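If you count the sequence shown from 1, you need to add 17 to reach my numbering.
Okay, so here's the structure we're looking at.
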Amino acid sequence: MNLKSTLSKTRKRLFYLDNLRSFALLTGLVFHVAIVYAAEIKYPLRNEQRSEIFDVFGEWVHVFRMPLFFFLSGYFTEAIFRTKTLKEFLKMRIFRIFIPTLIGILLFAPMQSYISLLQAGTKISYFDFYFRIFLNYNIRPSHLWFLYFLILFTMLHLLTRKITLPLALLLNNEPDQKSFIQEFKTIIVFTFISFIGTCIINFYFLKDESWFAIEPVNFIYNFTFFLCGSFLISKETFFLEPQSDRFWIWIPFALLSFWGFYEISRIDPFWSYFGYTGNWRRILHIFSKCAAGWLMIRLLIGLFQKFFDFKNNWTEYMRTASLPIYLLHHPVSLLAGYFVVHSSLGLAEKFILHLLSVFGITFVIYHFLIRPFYWTNLILGNQIQAKKNT
Numbered sequence: 018m019n020l021k022s023t024l025s026k027t028r029k030r031l032f033y034l035d036n037l038r039s040f041a042l043l044t045g046l047v048f049h050v051a052i053v054y055a056a057e058i059k060y061p062l063r064n065e066q067r068s069e070i071f072d073v074f075g076e077w078v079h080v081f082r083m084p085l086f087f088f089l090s091g092y093f094t095e096a097i098f099r100t101k102t103l104k105e106f107l108k109m110r111i112f113r114i115f116i117p118t119l120i121g122i123l124l125f126a127p128m129q130s131y132i133s134l135l136q137a138g139t140k141i142s143y144f145d146f147y148f149r150i151f152l153n154y155n156i157r158p159s160h161l162w163f164l165y166f167l168i169l170f171t172m173l174h175l176l177t178r179k180i181t182l183p184l185a186l187l188l189n190n191e192p193d194q195k196s197f198i199q200e201f202k203t204i205i206v207f208t209f210i211s212f213i214g215t216c217i218i219n220f221y222f223l224k225d226e227s228w229f230a231i232e233p234v235n236f237i238y239n240f241t242f243f244l245c246g247s248f249l250i251s252k253e254t255f256f257l258e259p260q261s262d263r264f265w266i267w268i269p270f271a272l273l274s275f276w277g278f279y280e281i282s283r284i285d286p287f288w289s290y291f292g293y294t295g296n297w298r299r300i301l302h303i304f305s306k307c308a309a310g311w312l313m314i315r316l317l318i319g320l321f322q323k324f325f326d327f328k329n330n331w332t333e334y335m336r337t338a339s340l341p342i343y344l345l346h347h348p349v350s351l352l353a354g355y356f357v358v359h360s361s362l363g364l365a366e367k368f369i370l371h372l373l374s375v376f377g378i379t380f381v382i383y384h385f386l387i388r389p390f391y392w393t394n395l396i397l398g399n400q401i402q403a404k405k406n407t
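As structure tokens, then:
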């Protein structure tokens with residue numbers, strides 16, 4: 018317990034990581050609006066007129082956003098586990114992740130399936146759909162697959178950490194090694210962990226194969242980011258706390274890898290089987306996807322460390338609002354989008370109206386109906402105990 022207390026007291030809060038997580042949250046709201054108007058990205062709600070610009074944006078956000086969340090979750094999961102007893106740790110995870118996931122699936126996930134039925138021309142009320150279809154063995158996590166996976170990742174990590182954590186030796190620093198070289202080495206190691214894991218699982222499973230709402234390819238791919246995050250305890254300077262402020266060095270690497278990923282993904286569709294357009298194309302596809310993810314994460318960490326390493330009322334608001342807003346925004350986006358796409362507006366006007374509606378409605382609901390009340394904060398996993406109204 019003394020060691021745990023020491024670790025807890027000496028670990029400083031990295032405000033730029035809080036702000037980076039808030040940024041990723043906000044890009045998620047934009048992402049779920051943009052893909053409605055994307056030419057190729059498949060989504061339950063689609064506008065009749067579409068543009069590839071939204072595909073490029075959607076793929077760019079998708080290549081780093083969820084990997085970033087899982088990477089940070091892996092780091093903080095291991096960090097918290099080392100400062101708590103097992104009972105304390107499990108209690109925190111139950112209130113922070115499990116309960117919000119359960120509540121979120123029951124309250125916020127059904128909208129995606131309902132909108133899909135409406136788009137297909139099915140005439141049914143939401144309540145009939147909810148009780149007769151959704152609750153009748155048709156429950157899906159929808160946008161909450163992230164939290165569902167996080168629960169499974171946490172359980173898997175607790176069971177395997179004594180086996181996996183020794184792999185952190187791959188990151189051992191060499192005497193007098195320059196920080197840039199160490200960071201580059203870390204990115205190479207992390208990229209190959211993600212690349213090898215994803216290649217192996219994709220060789221045996223198609224991307225969209227699923228059991229109990231678990232897609233093996235997506236599961237292993239994202240778990241590699243979670244796993245790598247857990248390696249950085251006491252090694253934060255290798256990646257999370259860069260010693261060099263020359264973050265701009267990573268811009269050409271990140272953009273080039275994303276461009277390569279985007280171009281090859283148009284030739285080698287990821288939904289196809291391994292080797293569908295040639296083994297070498299799938300290998301290059303997966304490698305460029307993993308490299309782009311890690312390079313974008315490193316670039317964003319450096320950018321936020323340089324310019325957004327601070328705390329104020331707004332950043333604290335966003336930090337504590339992140340999970341409730343994530344839970345809430347998706348059904349708002351689908352419902353608002355359903356009315357917007359059936360309007361007579363042009364493509365740009367629809368996108369702007371849709372985006373403003375999602376931000377406005379989501380934040381109004383959170384600020385006035387969730388944030389002031391203890392129980393709504395509790396069941397939606399808010400990080401702080403909300404003050405009761407007086």
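We put the beta carbon where it would ideally sit given N, CA and C, even for glycine.
It should be emphasised that the depicted structure is a prediction, and the values quoted were computed from it without experimental measurement.
Could you check if S211 belongs to the surroundings of the ligand MG, using beta carbon to heavy atom distance under 8 Å?
With respect to the ligand MG, the structure shown offers nothing to examine, as it has no ligands at all.
Local conformation of I218 per DSSP, three classes
helix
With a threshold of 16 other CB atoms inside 10 Å of the CB of K140, please say whether the residue is buried or exposed.
exposed
For A55, does the three-state DSSP call read helix, strand or coil?
strand
Beta carbon of P233, beta carbon of I250: below 9 Å?
no
So what does DSSP say about N406, is it helix, strand or coil?
The predicted model places N406 with a pLDDT of 48, which falls under 50 and marks its position as unreliable, so this point remains unresolved.
Leaving out the 5 sequence neighbours to the left and right, which residues in its chain are closer than 6 Å to I180 when beta-carbon positions are compared?
none
Closer than 7 Å by C-beta to C245: which residues in its own chain qualify, once you throw out the five before and the five after it? Chain order, please.
F88, G91, F207, I210
Helix or strand or just coil, what does DSSP make of W288?
coil
Measure the CB-CB distance between S350 and L46 and report whether it falls below 9 Å.
yes
For Y293, which residues from the same chain have a beta carbon less than 8 Å from its beta carbon, with the 5 sequence-adjacent residues on both sides left out?
D285, P286, R299
Near L42, what residues of its chain come up, given a Cβ to Cβ distance below 7 Å and the 5 sequence neighbours on each side ignored?
S339, I342, Y343
What is the DSSP secondary structure of I382, reduced to helix, strand or coil?
helix
From L173, A230, E253, R149, residue whose alpha carbon lies closest to that of S196
E253
Exposure of G138, with buried meaning 16 or more beta-carbon neighbours within 10 Å
exposed
Would you kindly report the start and end of the unbroken alpha helix (DSSP H) that includes E69?
69-100
Tell me which residues share the same chain as I114 and place their Cβ nearer than 8 Å to its Cβ, disregarding the 5 neighbours each side in the sequence.
L164, L167, I168, T171, G398
According to DSSP, simplified to helix, strand and coil, what is I250?
coil
Where DSSP assigns a beta bridge to I231, which residues make up the other side?
W228
Leaving out five residues on either side along the sequence, give the residues of the same chain with a beta carbon under 7 Å from the beta carbon of M18.
Confidence at M18 is low in this model, with a pLDDT of 45, below 50, so its placement is unreliable and no value can be given for it.
Within the same chain, show all residues whose beta-carbon is closer than 6 Å to that of Q322, passing over the 5 residues directly before and after it, in chain order.
Y33
For F240, count the other beta carbons within 10 Å of its own beta carbon; 16 or more makes it buried, fewer makes it exposed. Which is it?
buried
Distance check for F74 and I369, CA to CA, integer angstroms please.
15 Å
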